[in-house]
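First residue of the sequence shown? That's 599 in the numbering used here, and the numbers climb one at a time after it. Ideal placement from N, C-alpha and C gives every residue a C-beta, glycine not left out. The next block holds one structure in the form of structure tokens; read it before the comments.
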Amino acid sequence: MTDGLRATGRLGWRDVALTVLLLAAAAHALAQLSSPIAGVPAGTGPGVHSPNSPFAPLVERADVLPWSLLSDVKVSVVKKRVLPTFPAAVLALDGKTQRVQGFMMPLSPGQKQTHFLLTSVPLTCAFCTPGGPESMIEVKTRTPVKYSLEPVLVEGTLAVLSDDSTGLYYRMLDGQQTK
599 MTDGLRATGR LGWRDVALTV LLLAAAAHAL AQLSSPIAGV PAGTGPGVHS PNSPFAPLVE
659 RADVLPWSLL SDVKVSVVKK RVLPTFPAAV LALDGKTQRV QGFMMPLSPG QKQTHFLLTS
719 VPLTCAFCTP GGPESMIEVK TRTPVKYSLE PVLVEGTLAV LSDDSTGLYY RMLDGQQTK
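The structure is reproduced here in structure tokens:
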């Protein structure tokens, strides 16, 4: 603590404020390390839609690729690297045109985005990813897509990434927003 504690033997208001801030930071860090799904490590899984979210969860659509299929990934450790193992149904999607709906997570400032992450659940924290890499698709579009807090639908060529240097499992190239 500060010199005030050493001099008087009592905590001053600055000491109390500093202690409260440190405890709050520690609690937040521990919350980020724990997963809301029992038995699933933080940063993995399809993402959890918070019941406190002001945004409605995605409505299942027959005309888009379901996140339940994309998140059906196993991981294994190979030479100190965590690598995905995809089921045959996911591997069959590689290099094919797909439609996916999700929530935009911009990678740069601005109202229009040509490079963003599409996630299965909305963001609840500006500094946290909403799930693991199986719950995100890196999207690169031909034309800018207006940023929205509501779900967007994009179509493009899906790449299934078995060993990407960024740790992502999916990338959509040549994308465009559709309805």
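- If you compare the alpha carbons of Val-657, Tyr-767, Trp-665 and Met-703 with that of Ser-746, the shortest gap goes to Met-703.
- Contact between Thr-722 and Ser-651 holds: their C-beta atoms lie close to 6 Å from each other, under 8 Å.
- Residue environment: Val-750 is assigned as buried (16 or more neighbouring CB atoms within 10 Å of its CB, all protein chains considered).
- In the DSSP secondary-structure assignment, Ser-674 is bridged to Leu-681.
- Using a 10 angstroms sphere on the CB of Glu-748, the tally of other CB atoms stays under 16, which defines it as exposed.
- In chain order, Lys-710, Gln-711 and Thr-712 place their CB closer than 8 Å to the CB of Pro-742, counting only its own chain and leaving out the 5 sequence neighbours on each side.
- Contact between Val-758 and Leu-656 does not hold, since the beta-carbon distance rounds to 21 Å and is not under 8 Å.
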